[in-house]
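K.L.:
Chains as they are written, first to last, in the working numbering: chain G, 1162 to 1425; chain P, 4 to 320.
If you want it as structure tokens, here you go:
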């Protein structure tokens, strides 16, 4: 579990005055792992043609992406400090027109995966080997376009595409999507299931996945905890969209510090 | 004479053989018409399925990696169902692409509201980074498509079932430029897309009333060539717009918006009133009922633009 990145997410959202901390906490270990071990990129040349494509479809978790982009040199600490400020480039959803390294502007759920389908198809037409990874939420799986894309991605054999479902239980509170694994299998995808906070399991699953545009697209059901790392932010509740007040910071940092850290 | 839909398929075939970045995505229409393209442009034709928002969304993804996508299906399924994909995935991110639709206004006359689309210009005009076209002849689609298909904005082409049949030369057809069809002194008539045919047919009847017409043809809805209209309106001070579009947000609105400095101008419009078209029948029957006819034009001109017999508040449709 990435403690320092979580602390930075808290700092960013506290400074911004608003944001989705629990949604960022549920994906930050996944995003960090991808940029550390899986994706090819060049922060000095974000449009490098040989790069892999990562699209955060559940855009409200963007604080996790921002802190990872800062760690790898796409953006600066100053950018983080100006999140949601008038003069800043970072907002409450990722914006491809402003932020180096952000491949698609997202926010309205159910869009990033469609963009990823198009990118993967384009790379397949061009016979290029870049990987395409898109991260969606289980709540986002309520959107009809997710299942349109599931059909299309399988029908076009987009084996260069991997969709990660941040299965943090958001859907279960209103419109449950039962047995995600079975659903994606029935749509024709190659399905894996992991603990989305375990580096070991991420390493294992990516050692098995072959990004090959003649094969089935892949989906990883990543079981996560919304708000993972701070007990009173976990699951669903008032912390979904809010910034900590000054007197709430100490207990947050205290809980984070109490965890055994595997910071990289 | 081939239909405009056949023409579209032929032009895509021609351009597709010249440009390997042209990719065509359809929503299960025109599939057989586009087989020559599919055969000669392997790997660049996809009958994706019946999932329009995803087709638009994935087309944006194709644009991101350097392709010039063309999305083709029936107008309301793109404009109305997939509006958010057009807005967020194409326009906001400034990714260029092409939307080519059939089912203009009430072309699918007997298929009812689900297949009608006469608010498309109003909706799409609100999106920055868009260009809107209504080419009603082969040569117009050919010229305009070639001028814009590979630029970085979203281009919308409304392809009608019924062309205007008026002969135009390629030199006359430029994006964003109205075409002066004939000169007159008494009335500016702005004919949009297919309705150029009706406008031309009305000239003789209007001449019998002593009315000569400056006839202006519009194929580019956005950017709108208000200069040409205003130049004419300064001369005639009377303007009739005829368009197969809702009374809200079509060309008429732009004519009025951009001509406010012209004093003593009077305006009238033949357009689709703010009620659903619930009747069945043919395209021609819809046209007659809605006033897209010589009789409709003459009546509108006599009642609202020449004798001023109606109170001012009725001048607007």
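C-beta atoms are modelled at their ideal positions from N, C-alpha and C, and glycine is treated no differently.
For residue 106 (chain P), which of P:217, P:81 and P:98 has the nearest alpha-carbon?
P.N.:
For the purposes of this step, residue 106 (chain P) is taken as the residue at position 103 of the second chain. For the residues P:217, P:81 and P:98, the minimum Cα distance to residue 106 (chain P) belongs to P:81.
K.L.:
Taking only beta-carbon positions, decide if residue 61 (chain P) is within less than 9 Å of chain G.
P.N.:
Within the second chain, residue 61 (chain P) is the residue found at index 58, counting from 1. It does; some Cβ of chain G falls within 9 Å.
K.L.:
So the alpha helix (DSSP H) residue 1351 (chain G) belongs to, where does it begin and stop?
P.N.:
For the purposes of this step, residue 1351 (chain G) is taken as residue 190 along the first chain, with counting starting at 1. Segment 1351 to 1356 is the beta strand (DSSP E) holding residue 1351 (chain G); no alpha helix (DSSP H) there.
K.L.:
Quick check on residue 233 (chain P): does DSSP put it in helix, strand or coil?
P.N.:
Within the second chain, numbered from 1, the residue matching residue 233 (chain P) stands at position 230. In the structure shown, residue 233 (chain P) sits in a helix (DSSP, three-state: H, G or I).
K.L.:
Below 8 Å CB to CB, which residues in the same chain sit around residue 21 (chain P) once its five sequence neighbours on both sides are set aside?
P.N.:
One-based indexing of the second chain puts residue 21 (chain P) at position 18. Taken in chain order, the list of residues that qualify is empty.
K.L.:
According to a CB-to-CB cut-off of less than 8 Å, which residues of the stretch 121 to 146 of chain P neighbour chain G?
P.N.:
none
K.L.:
Strictly below 9 Å CB to CB, what residues from chain P border residue 1258 (chain G)?
P.N.:
In the first chain, residue 1258 (chain G) corresponds to position 97, counting from 1. Residues of chain P passing the Cβ test: 95, 96 and 97.
K.L.:
Does the Cβ of residue 56 (chain P) have 16 or more other Cβ atoms within 10 Å, making it buried, or fewer, making it exposed?
P.N.:
As a first step, residue 56 (chain P) is located in the second chain; it is residue number 53 there, counting from the start. Buried, by the Cβ-count rule.
K.L.:
Whose Cβ in chain G lies nearer than 7 Å to the Cβ of residue 305 (chain P)?
P.N.:
Position 302 of the second chain holds residue 305 (chain P). What residue 305 (chain P) touches in chain G: nothing, since even the nearest Cβ is about 50 Å away.
K.L.:
Is the stretch 1254 to 1270 of chain G touching the stretch 70 to 79 of chain P in the sense that three or more CB pairs, one from each, lie closer than 8 Å?
P.N.:
no
K.L.:
List the DSSP bridge partners of residue 72 (chain P).
P.N.:
Locating residue 72 (chain P) in the second chain gives position 69, where the first residue counts as 1. According to DSSP, residue pairing for residue 72 (chain P) in a beta bridge involves P:26.
K.L.:
As a quick exercise: from G:1343, G:1347, G:1332 and G:1384, pick the residue whose alpha carbon is nearest that of residue 1363 (chain G).
P.N.:
The count along the first chain starts at 1 and reaches residue 1363 (chain G) at position 202. It is G:1384 whose Cα lies nearest to the Cα of residue 1363 (chain G).
K.L.:
Put residue 1375 (chain G) into one of helix, strand or coil per three-state DSSP.
P.N.:
The sequence position of residue 1375 (chain G) within the first chain is 214, counting from 1. Residue state, collapsed to three classes: coil.
K.L.:
Does any C-beta atom of chain P lie closer than 9 Å to the C-beta of residue 1287 (chain G)?
P.N.:
As a first step, residue 1287 (chain G) is located in the first chain; it is residue number 126 there, counting from the start. Taking Cβ atoms only, chain P reaches closer than 9 Å to residue 1287 (chain G), which makes this a yes.
K.L.:
Below 8 Å, can you find three or more Cβ-Cβ pairs linking the stretch 233 to 247 of chain P to the stretch 180 to 194 of chain P?
P.N.:
Judged by pairs of C-beta atoms under 8 Å, the stretch 233 to 247 of chain P touches the stretch 180 to 194 of chain P, as three or more such pairs exist.
K.L.:
Going straight from the alpha carbon of residue 254 (chain P) to that of residue 125 (chain P), what length do you get?
P.N.:
Indexing the second chain from 1 puts residue 254 (chain P) at position 251. Indexing the second chain from 1 puts residue 125 (chain P) at position 122. Each residue's Cα considered, the two are about 9 Å apart.
K.L.:
Can you give the Cα-Cα distance for residue 1312 (chain G) and residue 1348 (chain G), rounded to whole angstroms?
P.N.:
Within the first chain, the letter at position 151 stands for residue 1312 (chain G). Within the first chain, the letter at position 187 stands for residue 1348 (chain G). Going by the C-alpha atoms only, they are around 6 Å apart.
K.L.:
Between which two residues does the beta strand (DSSP E) carrying residue 13 (chain P) extend?
P.N.:
Here residue 13 (chain P) refers to the residue found at position 10 when the second chain is read from its first residue. Per DSSP, residue 13 (chain P) belongs to no beta strand (DSSP E); it is in the alpha helix (DSSP H), 7 to 21.
K.L.:
Just the Cα atoms here: how many angstroms apart are residue 276 (chain P) and residue 10 (chain P)?
P.N.:
Within the second chain, the letter at position 273 stands for residue 276 (chain P). Within the second chain, the letter at position 7 stands for residue 10 (chain P). Their backbone Cα atoms lie some 31 Å apart in a straight line.
K.L.:
Under the rule that 16 or more other beta-carbon atoms within 10 Å means buried, what is residue 1336 (chain G), buried or exposed?
P.N.:
Numbered from its first residue, the first chain carries residue 1336 (chain G) at position 175. It counts as exposed.
K.L.:
Quick check: is the beta carbon of residue 1310 (chain G) nearer than 9 Å to any beta carbon in chain P?
P.N.:
Residue mapping note: residue 1310 (chain G) aligns to position 149 of the first chain, counting from 1. Yes - at least one Cβ of chain P is within 9 Å of the one on residue 1310 (chain G).
K.L.:
Check whether the stretch 179 to 188 of chain P and the stretch 39 to 54 of chain P are in contact - that is, three or more C-beta pairs closer than 8 Å.
P.N.:
no
K.L.:
Please compile the residues from chain G whose C-beta is within a distance smaller than 7 Å of the C-beta of residue 83 (chain P).
P.N.:
Numbered from its first residue, the second chain carries residue 83 (chain P) at position 80. Chain G residues near residue 83 (chain P): none, gap ~15 Å exceeds 7 Å.
K.L.:
In the DSSP output, what is residue 1 (chain P) paired with across the bridge?
P.N.:
Examination of residue 1 (chain P) is not possible in this model, given that chain P is present from 4 through 320 alone.
K.L.:
CA-CA distance, residue 70 (chain P) and residue 160 (chain P)?
P.N.:
Position 67 of the second chain, counted from the first residue, corresponds to residue 70 (chain P). Position 157 of the second chain, counted from the first residue, corresponds to residue 160 (chain P). Taking the straight line joining both Cα atoms gives about 18 Å.
K.L.:
List the residues that DSSP assigns as beta-bridge partners of residue 1162 (chain G).
P.N.:
Residue mapping note: residue 1162 (chain G) aligns to position 1 of the first chain, counting from 1. For residue 1162 (chain G), which the question treats as bridged, DSSP gives no partner whatsoever.
K.L.:
Indicate whether at least one CB of chain G lies closer than 9 Å to the CB of residue 40 (chain P).
P.N.:
By 1-based counting over the second chain, the position of residue 40 (chain P) is 37. With 9 Å as the cut-off, residue 40 (chain P) does not count as an interface residue toward chain G.
K.L.:
For residue 88 (chain P), is the classification buried or exposed, using 16 other Cβ atoms within 10 angstroms of its Cβ as the cut-off for buried?
P.N.:
Taking the first residue of the second chain as 1, we reach residue 88 (chain P) at position 85. The residue is buried, with at least 16 neighbouring Cβ atoms inside 10 Å.
K.L.:
Return yes when the Cβ of residue 1232 (chain G) is within less than 9 Å of the Cβ of residue 1193 (chain G), no when it is not.
P.N.:
Looking up residue 1193 (chain G) in the first chain gives position 32. Looking up residue 1232 (chain G) in the first chain gives position 71. Contact: yes.
K.L.:
Taking only beta-carbon positions, decide if residue 56 (chain P) is within less than 9 Å of chain G.
P.N.:
Along the second chain, one-based indexing puts residue 56 (chain P) at 53. At least one chain G Cβ lies under 9 Å of residue 56 (chain P).
K.L.:
Are the beta-carbon atoms of residue 1342 (chain G) and residue 1273 (chain G) separated by less than 9 Å?
P.N.:
As a working mapping, residue 1342 (chain G) is identified with position 181 in the first chain. As a working mapping, residue 1273 (chain G) is identified with position 112 in the first chain. Against a cut-off of 9 Å, the Cβ pair of residue 1273 (chain G) and residue 1342 (chain G) comes out as no contact.
K.L.:
Spell out whether any CB of chain P is found under 9 Å from the CB atom of residue 1428 (chain G).
P.N.:
Any property of residue 1428 (chain G) remains undetermined from this structure, which presents chain G solely from 1162 to 1425.
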